[in-house]
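Engineer: Position 72 of the sequence shown, counting from 1, maps to 212 under our numbering, and the rest follow consecutively. Take this structure first; my questions come after.
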Amino acid sequence: MASSTRTSTTLGTRSILARIAAVLALAACGVAIYLLVTSFTETESGNSKNDKKNRSEQSKDDKQSSLAPSYTVAAGDTLSAIAVATGVPEPRIERLNPELDSETLIAGQVLVLR
């Protein structure tokens, strides 16, 4: 009977050690996943908070630039690209510029947006 008690005690100790090891392995995996996710979300400068701030400032600049009353066509511009860049729908640009031929935009041509 003494040998069966010793065997169950040894198995009980192994079981406890296995459970502790499993918890530690799970915690290590969680830390590894956290580090992996944060490494991919940081910008090149290493500060994702400043990146969010820069994006909001950039969107403010975009909104201010889209409020301009006119747009000067650059080489390679298309009417749809101008509409996206300025936030003014294509039909509105065409309506405000009746002389406009959307197929042949000329660099330097000024379009009325407002």
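Heads up, the beta-carbon is just placed ideally off N, CA and C, and yes, glycines get one too.
Quick check on this structure: which residue in A208, P209, D241 has the alpha carbon closest to the alpha carbon of L219?
Structural biologist: Position 79 of the sequence shown holds residue 219. That would be D241, whose Cα lies nearest to the Cα of L219.
Engineer: Which one of T153, P229, S210, D217 has the shortest CA to CA distance from E243?
Structural biologist: Locating residue 243 in the sequence shown gives position 103, counting from the first residue. The candidate whose alpha carbon is nearest that of E243 is D217.
Engineer: Check the C-beta distance from L245 over to V213 and give it rounded, since I have them as a contact under 8 angstroms.
Structural biologist: Locating residue 245 in the sequence shown gives position 105, counting from the first residue. Locating residue 213 in the sequence shown gives position 73, counting from the first residue. That pair is a contact at about 5 angstroms.
Engineer: What did DSSP end up calling L245 once you bin it into helix, strand or coil?
Structural biologist: Along the sequence shown, one-based indexing puts residue 245 at 105. L245 falls in the coil class under three-state DSSP.
Engineer: Assign Y211 to buried or exposed, taking buried as 16 or more other Cβ atoms, counted over all protein chains shown, within 10 Å of its Cβ.
Structural biologist: Sequence index remark: in the sequence shown, residue 211 carries index 71 (1-based). Classification of Y211: buried, given that the 10 Å Cβ count is 16 or more.
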